[in-house]
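Participant: Handing you a structure now.
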Amino acid sequence: MTRRYKRILLKLSGEVLMGDGGTAIDPAVTARVASEIADVKAQGFELCVVVGGGNIFRGLAAAAKGFERATADYMGMLATVMNALAVQNALEQIGVDTRVQSAISMDKVCEPVIRRRAARHLEKGRVVIFAAGVGEPYFTTDSGAALRAAEMGCDALFKGTSVDGVYDADPKKVADATRFETVTYDTVLARNLKVMDASAVALCRDNHIPIVVFNIREHGNFAAVLRGEGTSTVVQSAE
Numbered sequence: 059m060t061r062r063y064k065r066i067l068l069k070l071s072g073e074v075l076m077g078d079g080g081t082a083i084d085p086a087v088t089a090r091v092a093s094e095i096a097d098v099k100a101q102g103f104e105l106c107v108v109v110g111g112g113n114i115f116r117g118l119a120a121a122a123k124g125f126e127r128a129t130a131d132y133m134g135m136l137a138t139v140m141n142a143l144a145v146q147n148a149l150e151q152i153g154v155d156t157r158v159q160s161a162i163s164m165d166k167v168c169e170p171v172i173r174r175r176a177a178r179h180l181e182k183g184r185v186v187i188f189a190a191g192v193g194e195p196y197f198t199t200d201s202g203a204a205l206r207a208a209e210m211g212c213d214a215l216f217k218g219t220s221v222d223g224v225y226d227a228d229p230k231k232v233a234d235a236t237r238f239e240t241v242t243y244d245t246v247l248a249r250n251l252k253v254m255d256a257s258a259v260a261l262c263r264d265n266h267i268p269i270v271v272f273n274i275r276e277h278g279n280f281a282a283v284l285r286g287e288g289t290s291t292v293v294q295s296a297e
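Letter 190 of the sequence shown, counting from 1, is numbered 248 in our numbering, and no numbers are missing.
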């Protein structure tokens with residue numbers, strides 16, 4: 059991968075912040091994730107971040123167990139605000155200036171989502187962390203990440219996961235699963251490859267935003283992928 063990106067959005071699952079002991083937000087793990095982000099910021103990229111909330115509360119899972127769906131989703135959005143504040147804290151402890159913007163108004167702890175203000179933060183070299191998804195139930199944080207990437211004019215959406223790309227089967231279950239170097243949006247949707255939810259993939263496709271899937275748990279991999287040295291899969295349009 060050549061360095062053709064300037065402004066990127068990093069989507070992290072909430073589980074990335076969990077420790078081995080099951081702690082929802084592990085300070086040491088969160089600090090390591092923050093160092094990965096800081097390394098990329100030091101390369102001169104403008105960076106937005108969206109963190110899921112599954113380490114604390116997963117709305118869809120709760121709805122399946124009897125919670126009213128909209129209520130469960132709002133609870134999940136609040137979990138993403140907690141994660142966003144944790145990442146902000148970890149980043150600012152290592153000298154990275156940040157702002158958290160939430161799609162649900164909570165002015166005691168963060169800003170509301172205001173696109174022009176967020177763009178100005180990026181121009182000033184700050185990392186902008188978007189929380190609370192799109193601010194409405196029935197939408198995932200994947201959709202929120204795709205939406206923010208589109209409205210902020212990001213050159214790519216980076217999906218940090220626990221695997222090193224997109225495979226034709228679950229590599230944790232199928233030993234000989236094959237990893238794609240590149241794959242089209244339509245193939246991801248047609249084969250249900252579980253990169254992100256379908257609405258997020260379609261939104262990226264319609265706005266020509268490549269999705270780069272990589273392993274955020276591998277130390278230094280985020281910066282390496284941006285230098286063209288790491289392992290990843292790029293989801294993009296057909297050549």
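From the three backbone atoms N, C-alpha and C, an ideal C-beta is built for every residue, glycine too.
With three or more C-beta pairs closer than 8 Å as the rule, is the region 155–163 touching the region 190–204?
Facilitator: Flag = yes, the region 190–204 and the region 155–163 touch.
Participant: Report the partner residues of Phe188 according to the DSSP bridge assignment.
Facilitator: One-based indexing of the sequence shown puts residue 188 at position 130. Phe188 pairs with Val108 and Gln159.
Participant: Of the residues Pro268, Phe238, Val246 and Glu169, which one's Cα is nearest the Cα of Cys212?
Facilitator: Looking up residue 212 in the sequence shown gives position 154. Among Pro268, Phe238, Val246 and Glu169, the Cα nearest to that of Cys212 is on Pro268.
Participant: On the three-state DSSP scale, how would you describe Asn273?
Facilitator: As a working note, residue 273 is residue 215 in the sequence shown. If DSSP states are grouped into helix, strand and coil, Asn273 belongs with the strands.
Participant: For the candidate residues Val98, Ile83, Val91 and Val224, whose alpha-carbon lies nearest to that of Thr245?
Facilitator: Taking the sequence shown and counting its residues from 1, one reaches residue 245 at position 187. Measuring from the Cα of Thr245, the nearest candidate turns out to be Val224.
Participant: Thinking C-beta only, is Met164 closer than 8 Å to Val185?
Facilitator: One-based indexing of the sequence shown puts residue 185 at position 127. One-based indexing of the sequence shown puts residue 164 at position 106. No; because the gap between Cβ atoms is not below 8 Å, this pair is not in contact.
Participant: Could you give the residue range of the beta strand (DSSP E) that holds Ala260?
Facilitator: Taking the first residue of the sequence shown as 1, we reach residue 260 at position 202. Taken as a continuous stretch (DSSP letters only), Ala260 belongs to no beta strand (DSSP E), being part of the alpha helix (DSSP H) at Ala256 to Asp264.
Participant: For Asp155, is the classification buried or exposed, using 16 other Cβ atoms within 10 angstroms of its Cβ as the cut-off for buried?
Facilitator: Position 97 of the sequence shown, counting from 1, holds the residue named residue 155. Its Cβ having fewer than 16 others within 10 Å, Asp155 is exposed.
Participant: Ignoring anything shorter than 4 residues or poking outside the region 222–260, list the alpha helix (DSSP H) runs there in chain order.
Facilitator: For the region 222–260, whole alpha helix (DSSP H) runs of length 4 or above, ordered along the chain, are 243–248.
Participant: Which one of Asp226, Ala282, Val109 and Ile83 has the shortest CA to CA distance from Lys252?
Facilitator: The sequence position of residue 252 within the sequence shown is 194, counting from 1. Ranking Asp226, Ala282, Val109 and Ile83 by Cα distance to Lys252 puts Asp226 first.
Participant: Would you give the residue range spanned by the beta strand (DSSP E) that Arg175 belongs to?
Facilitator: Residue numbering aside, residue 175 sits at position 117 when the sequence shown is read from its first letter. Premise fails: Arg175 lies in the alpha helix (DSSP H), Arg173 to Glu181, not in any beta strand (DSSP E).
Participant: Kindly indicate which residue of Ala207, Val271 and Asp78 has the alpha-carbon position closest to the one of Leu180.
Facilitator: Locating residue 180 in the sequence shown gives position 122, where the first residue counts as 1. The shortest Cα separation from Leu180 among Ala207, Val271 and Asp78 belongs to Ala207.
Participant: Return yes when the Cβ of Thr240 is within less than 8 Å of the Cβ of Val271, no when it is not.
Facilitator: Indexing the sequence shown from 1 puts residue 271 at position 213. Indexing the sequence shown from 1 puts residue 240 at position 182. No, the pair does not count as a contact, with Cβ atoms beyond the cut-off.
Participant: Looking at the strands, I want to know which residues DSSP matches up with Phe103.
Facilitator: One-based indexing of the sequence shown puts residue 103 at position 45. Paired residue(s): none; Phe103 is not in a bridge.
Participant: Which one or two residues does DSSP pair with Thr298 in a beta bridge?
Facilitator: The structure shown does not extend to residue 298, since the chain is modelled only from 59 through 297, so no value can be given for it.
Participant: Taking only three categories from DSSP, how would you classify Ser295?
Facilitator: In the sequence shown, counting from the first residue as 1, residue 295 sits at position 237. DSSP places Ser295 in coil when its eight states are reduced to three.
Participant: Would you call Asp384 buried or exposed, if buried means 16 or more other Cβ atoms sit within 10 Å of its Cβ?
Facilitator: The question about residue 384 has no answer here: the residues shown for the chain are numbered 59 through 297.
Participant: Taking Cβ to Cβ, would you say Ala130 is nearer than 8 Å to Ala121?
Facilitator: Position 72 of the sequence shown, counted from the first residue, corresponds to residue 130. Position 63 of the sequence shown, counted from the first residue, corresponds to residue 121. It is a contact, given that the beta carbons lie within the stated cut-off.
Participant: Label Glu94 either buried or exposed according to how many other C-beta atoms from any shown protein chain fall within 10 Å of its C-beta, with 16 as the threshold for buried.
Facilitator: By 1-based counting over the sequence shown, the position of residue 94 is 36. It counts as buried.
Participant: Measure the Cβ-Cβ separation of Gly202 and Ile274 and say whether it is below 8 Å.
Facilitator: As a first step, residue 202 must be located in the sequence shown, where it is residue number 144. As a first step, residue 274 must be located in the sequence shown, where it is residue number 216. Result no, Cβ atoms of Gly202 and Ile274 do not sit closer than 8 Å.
Participant: Does the beta-carbon distance from Phe188 to Cys106 come in below 8 Å?
Facilitator: Start at 1 with the first residue of the sequence shown, and residue 188 comes out as number 130. Start at 1 with the first residue of the sequence shown, and residue 106 comes out as number 48. Against a cut-off of 8 Å, the Cβ pair of Cys106 and Phe188 comes out as a contact.
Participant: What is the DSSP secondary structure of Ile83, reduced to helix, strand or coil?
Facilitator: Position 25 of the sequence shown, counted from the start, is the residue given in the question as residue 83. It is coil, neither helix nor strand.
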